[in-house]
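Below is one structure, written out as structure tokens; comments come after it.
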Amino acid sequence: MRITLWGGLLVAGLLSACHSSSPPDGAGPVPGARCDSPLPAAVREERLSVGVPSDFDATVNPMPTTLIPIVVLMPQRCPGEALPLVLYGHGFSENYSTVNSDKLDDGNMEPLLRRGYVVIRFDQRGHGDNRPSQGGGNARLLDPNAEIQDARAILDWAYDHAAEIGVQTEPGSGIDKDLRVGTLGASYGGAFQMLLAALDRRIDVIAPDRTFHDTLYSAAPGDAVKTFARLLMLFIQLDELVPGQGVTATPALRTVANLIGPLAPTANLVRTRADLVRLGASPVAQPRPASEQEVVDLLYRNSMDYFESRQAAGQPWGFGESSARLRPVPALFTQGQRDVLFNVTEAYWNARYFAATGADVRVITHEDGHMNPLAGQARGAWACGKVDVQQALLAWLDRYLKNIDSAAFRAIPRVCISLLDSSDPELAPAGVTLPAFPVGALAGAGAVPARAARLSASVNALNAGAGVFVPVTTIAGEGRVLAGIPRLGRITVTPGAGNLQTAIAIVGVAVRRDGQLHLVNGQVTAFVEGDHDSNRGVDHPGELLLPGVGQQLQDGDEVGLVFYGQHVQFAPVLAAQNVGGLTSILPGVPALLPAPITTALNPLLGLVNLPNVYEVTLTDVGLPILLPGVYPGSRLTQ
181 MRITLWGGLL
191 VAGLLSACHS
201 SSPPDGAGPV
211 PGARCDSPLP
221 AAVREERLSV
231 GVPSDFDATV
241 NPMPTTLIPI
251 VVLMPQRCPG
261 EALPLVLYGH
271 GFSENYSTVN
281 SDKLDDGNME
291 PLLRRGYVVI
301 RFDQRGHGDN
311 RPSQGGGNAR
321 LLDPNAEIQD
331 ARAILDWAYD
341 HAAEIGVQTE
351 PGSGIDKDLR
361 VGTLGASYGG
371 AFQMLLAALD
381 RRIDVIAPDR
391 TFHDTLYSAA
401 PGDAVKTFAR
411 LLMLFIQLDE
421 LVPGQGVTAT
431 PALRTVANLI
441 GPLAPTANLV
451 RTRADLVRLG
461 ASPVAQPRPA
471 SEQEVVDLLY
481 RNSMDYFESR
491 QAAGQPWGFG
501 ESSARLRPVP
511 ALFTQGQRDV
521 LFNVTEAYWN
531 ARYFAATGAD
541 VRVITHEDGH
551 MNPLAGQARG
561 AWACGKVDVQ
571 QALLAWLDRY
581 LKNIDSAAFR
591 AIPRVCISLL
601 DSSDPELAPA
611 GVTLPAFPVG
621 ALAGAGAVPA
631 RAARLSASVN
641 ALNAGAGVFV
651 PVTTIAGEGR
661 VLAGIPRLGR
671 ITVTPGAGNL
681 QTAIAIVGVA
691 VRRDGQLHLV
701 NGQVTAFVEG
711 DHDSNRGVDH
721 PGELLLPGVG
731 QQLQDGDEVG
741 LVFYGQHVQF
751 APVLAAQNVG
761 GLTSILPGVP
771 ALLPAPITTA
781 LNPLLGLVNL
791 PNVYEVTLTD
801 VGLPILLPGV
811 YPGSRLTQ
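Residue 210 in our numbering is what sits at position 30 of the sequence shown, and the numbering runs on without skipping anything.
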């Protein structure tokens, strides 16, 4: 039973007031009007039977219904008081009782309870107690026909039991079983919010943190497999070693995990999407062959990119919706500036789609997120300069669920880009606030020209590791910042002399300062050989963007692109000596790995050490560089 965790949180005296008044400036507990006999804070656990099969894969003999474990967290409240509901989604490999830190999006619900919200948390399919062995389902990576229908059923249940759990309903809205409800969560728990908002008209506000626009792009941008995608597959592999310890996934996802995960003996053979397609369709693939279309359907149809492209084509989404058109839902997107799984450009794409509806949409980047332990990355401040993400989230929910127009809400910028200095992480963090995301080379007042009509590089066995730097501009003066989304017109990658495998160009934005090269925000994108004039895996034709960046600049800095032959963010095999680094993703993993399996983490037959040499040519390179305070609407915050 996991009720012990929540019982410890909801101690007597957590809230001694009702919640009819607004908090001062959107910060701290809600003082409210007191009542003589408030109802005590309470926890209620349920298992809901949802009329959606446990999986859609006939090979696993799915059950016709799925049991969804939920926990309802109720703060102290006055008898008869109805409070807004927040539906919280956990991250991949977590469960409804996971609390990683004191942050809201790390599972700490106390700030919401103190402000007078009822919170429902639930186990996603394949997580916690939501597994076929317990009457639950297999993880399908937020399939709108499965996981999102589960979330809708939870809202139905909340409406039917609103009086018991103290949830505010909206009977005059014209929406069936309507509630005053918002959503919260990060990563896996960020993505479900957008899908649910698209398919369920009851959602009043969302606040996704560090999540994706398209999982095909996230896992294999430019058709090269990303290291972090391999790390995530460890959770699926782990479930087969120690049932209940990882993520119980649908067979097609298990096949992918068994090909690219850290425990896969053939991981060194899967560097590209084409490699994965070829081996996944093999008759000997385990637990069964998986076609490219099957995997694409799982990874693409759970994304805002799919919803957006179908809407643009005038086609239905295909999930029982009455209208395949995104509603204007207020959305606060927060994203890790150094997140190497879901980069800032994904938040930009999501925000652009939601903003096109006319909704209030804002974006804050911060120094937290998915960090690669094998690259020595560590999570940082959940802030953009002086803009505190947690306070912004609380004020955001207060505004759209309680109609509280606080100073904290009015202080949330349209866009804030974090500017941690890549050359000196000890410097005080800063951010730049803007009316919109800068994209590509800028022009006008306060803009620093940073455009190259054409540039090229040659990566060989001698320079592949250190990287080949090609400058685009040199900074003259202090106070400039690199902030926004770099844009390319086209990139062409051809194999170099002696290359015996598919050539992969690994590209990042870099700053050369005092002779030292600094990769900005640790962000790189890989492009397989051939021509690219748009981002593979993303349905935005004619738009080729690199991950969003944020960096303070100094006089004399050279800013440009860097090209690598090998990089830890796109490593085909994880060396056994690095297994210890996985403990920051899943504590205790090395202890669970049998010795024979750890040997599979070493390169086989030296194939992984084959040189990745290539020639690369780019056209119309544009980097967003500006002077805060002069560039229209911009301001430095630190």
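Ideal Cβ positions, reconstructed from N, Cα and C, are used throughout, including at glycine.
Between the CA atoms of Gly722 and Phe707 - distance to the nearest angstrom: Stepping through the sequence shown from its first residue, residue 707 is reached at position 527. Stepping through the sequence shown from its first residue, residue 722 is reached at position 542. The alpha-carbon atoms of Phe707 and Gly722 are separated by roughly 16 Å.
Reference Phe415, options Phe408, Glu738, Gln425, Gly736, closest by Cα: Taking the sequence shown and counting its residues from 1, the one referred to as residue 415 is at position 235. The shortest C-alpha separation from Phe415 is found at Gln425.
Integer-rounded CB distance, given that Ile386 should sit under 8 Å from Gln373: As a first step, residue 373 is located in the sequence shown; it is residue number 193 there, counting from the start. As a first step, residue 386 is located in the sequence shown; it is residue number 206 there, counting from the start. Separation of the CB atoms of Gln373 and Ile386 is rounded to 4 Å, and the pair is thereby assigned contact status at 8 Å.
With 16 other Cβ atoms within 10 Å as the buried cut-off, status of Ser471: If you number the sequence shown from 1, residue 471 lands on position 291. Ser471 counts as exposed, since fewer than 16 other beta carbons sit within 10 angstroms of its beta carbon.
Per DSSP, which one or two residues make a beta bridge with Asp365? Stepping through the sequence shown from its first residue, residue 365 is reached at position 185. Here residue 365 turns out to be Gly, not Asp, going by the sequence shown. Answer is Gly269, Pro388, bridged to Gly365.
In terms of DSSP beta bridges, what is Asp711 paired with? The count along the sequence shown starts at 1 and reaches residue 711 at position 531. For Asp711, the pairing in a beta bridge is given by DSSP as Thr672.
When the distance is taken between beta carbons, is Val748 closer than 8 Å to Leu449? Here residue 449 corresponds to residue number 269 of the sequence shown, with the count starting at 1. Here residue 748 corresponds to residue number 568 of the sequence shown, with the count starting at 1. For Leu449 and Val748, no; Cβs fall outside 8 Å.
Taking the C-alpha atoms as reference points, what is the distance between Leu724 and Asn530? Here residue 724 is taken as the residue at index 544 of the sequence shown, counted from 1. Here residue 530 is taken as the residue at index 350 of the sequence shown, counted from 1. Distance between the alpha carbons of Leu724 and Asn530 is about 16 Å.
So what's Leu379 in DSSP terms, helix, strand or just coil? For the purposes of this step, residue 379 is identified with residue 199 of the sequence shown, where counting begins at 1. In the structure shown, Leu379 falls within a helical segment according to DSSP collapsed to helix, strand and coil.
Spatial neighbours of Phe392 within its chain, please: CB distance less than 7 Å, with the 5 preceding and 5 following residues excluded, ordered by chain position. What you label residue 392 is simply residue 212 of the sequence shown in a count that begins at 1. So the list reads Ala371, Ser398, Ser483, Phe522, Glu526, once near-sequence residues are dropped.
If you run the structure through DSSP and keep just helix, strand and coil, what is Tyr794? Within the sequence shown, the letter at position 614 stands for residue 794. The three-state secondary structure of Tyr794, taken from DSSP, is strand.
Could you pull the start and end residues of the beta strand (DSSP E) that Met254 belongs to? Taking the first residue of the sequence shown as position 1, residue 254 is located at position 74. Start and end: 246–254.
For Pro259, the residue or residues it bridges with in DSSP: By one-based count along the sequence shown, residue 259 stands at place 79. For Pro259, DSSP assigns no beta-bridge partner whatsoever.
Measuring CA to CA, which of Arg360, Leu396, Gln571 is closest to Glu474? For this step, residue 474 is matched to residue 294 along the sequence shown. Distance from the Cα of Glu474 is smallest, within the candidate group Arg360, Leu396, Gln571, for Leu396.
Please state if the CB of Pro218 and the CB of Arg257 are separated by a distance shorter than 8 Å. Locating residue 257 in the sequence shown gives position 77, counting from the first residue. Locating residue 218 in the sequence shown gives position 38, counting from the first residue. Contact: yes.
Pro324 versus Cys215: straight-line alpha-carbon distance, rounded: Start at 1 with the first residue of the sequence shown, and residue 324 comes out as number 144. Start at 1 with the first residue of the sequence shown, and residue 215 comes out as number 35. Near 43 Å, if we compare the C-alpha coordinates of Cys215 and Pro324.
Which residue comes first and which comes last in the alpha helix (DSSP H) that contains Thr428? Mapped onto the sequence shown, residue 428 falls at position 248. Counting along the chain, no alpha helix (DSSP H) covers Thr428, and no H or E run does either.
By alpha-carbon positions, which one of Val612, Phe649, Val639 ends up nearest to Ile544? What you label residue 544 is simply residue 364 of the sequence shown in a count that begins at 1. Scanning Val612, Phe649, Val639 for the CA closest to the CA of Ile544 turns up Val612.
Backbone secondary structure at Leu456 - three-state DSSP: Here residue 456 is taken as the residue at index 276 of the sequence shown, counted from 1. Helix.
Just to confirm the assignment, what range does the beta strand (DSSP E) spanning Gln515 have? Looking up residue 515 in the sequence shown gives position 335. For Gln515, the uninterrupted beta strand (DSSP E) segment begins and ends at 511–516.
Would you say Gly717 and Ala400 are within 8 Å of each other, going by their C-beta atoms? By 1-based counting over the sequence shown, the position of residue 717 is 537. By 1-based counting over the sequence shown, the position of residue 400 is 220. Going by C-beta atoms, Gly717 is nearer than 8 Å to Ala400.
With a threshold of 16 other CB atoms inside 10 Å of the CB of Thr537, please say whether the residue is buried or exposed. Taking the sequence shown and counting its residues from 1, one reaches residue 537 at position 357. Under this definition Thr537 is an exposed residue.
Going residue by residue through the stretch 512–595, where are the continuous alpha helix (DSSP H) segments of at least 4 residues, counting only ones entirely within it? Residue ranges of uninterrupted alpha helix (DSSP H) with 4 or more members, entirely inside the stretch 512–595 and ordered along the chain, are 524–535, 569–582, 587–590.
7 Å Cβ shell around Phe283 - same chain, five flanking residues per side excluded: What you label residue 283 is simply residue 103 of the sequence shown in a count that begins at 1. The sequence given here has Lys at residue 283, not Phe. Same-chain partners within the cutoff: Trp562, Gln570.
Taking 8 Å as the cut-off, does the stretch 593–602 touch the stretch 626–643 (at least 3 CB pairs, one atom from each stretch)? Counting Cβ pairs under 8 Å, fewer than three are found: no touch.
Over what stretch of residues does the alpha helix (DSSP H) that includes Glu472 continue unbroken? Position 292 of the sequence shown, counted from the start, is the residue given in the question as residue 472. Boundaries of the alpha helix (DSSP H) around Glu472: 472–480.
In this structure, how does DSSP classify Leu414 when only helix, strand and coil are distinguished? Numbered from its first residue, the sequence shown carries residue 414 at position 234. Three-state DSSP puts Leu414 in a helix.
Is DSSP giving Ser814 helix, strand or coil here? Counting from 1 along the sequence shown, the entry for residue 814 is found at position 634. In the three-state reduction of the DSSP assignment, Ser814 falls in the coil class, being assigned neither a helical nor a strand state.
Would you call Ser638 buried or exposed, if buried means 16 or more other Cβ atoms sit within 10 Å of its Cβ? Here residue 638 corresponds to residue number 458 of the sequence shown, with the count starting at 1. Classification of Ser638: exposed, given that the 10 Å Cβ count is below 16.
Cross-strand partners of Thr613 (DSSP beta bridge): As a working note, residue 613 is residue 433 in the sequence shown. Paired residues: Cys596, Arg815.
What are the boundary residues of the beta strand (DSSP E) that includes Thr278? Position 98 of the sequence shown holds residue 278. Looking at the DSSP string, Thr278 is not in any beta strand (DSSP E), and its letter there is neither H nor E.
Enumerate in chain order the residues of its own chain whose CB-to-CB distance from Trp337 is below 7 Å, with the five nearest sequence positions on each side excluded. Working through the sequence shown from its first residue, we reach residue 337 at position 157. For Trp337, where only same-chain residues beyond five positions count, the Cβ hits under 7 Å are Leu228.
Can you tell which of Gly657, Glu795, Asn715 has the C-alpha that lies nearest to the C-alpha of Gly736? In the sequence shown, the residue the question calls residue 736 occupies position 556. Closest option to Gly736, judged by alpha-carbon separation, among Gly657, Glu795, Asn715: Gly657.
Can you tell me which residues form a DSSP beta bridge with Pro651? Here the question's residue 651 lines up with position 471 in the sequence shown. Pro651 is bridged to Gly740.
Cα separation between Val252 and Ala623? On the sequence shown, position 72 is the one that residue 252 refers to. On the sequence shown, position 443 is the one that residue 623 refers to. Val252 and Ala623: Cα-Cα distance of roughly 52 Å.
Suppose the cutoff is 6 Å on Cβ atoms and the five residues either side in sequence are ignored; what does the same chain contact list for Gly647 look like? The residue you call residue 647 lines up with position 467 of the sequence shown. Around Gly647: Val742, Tyr744.
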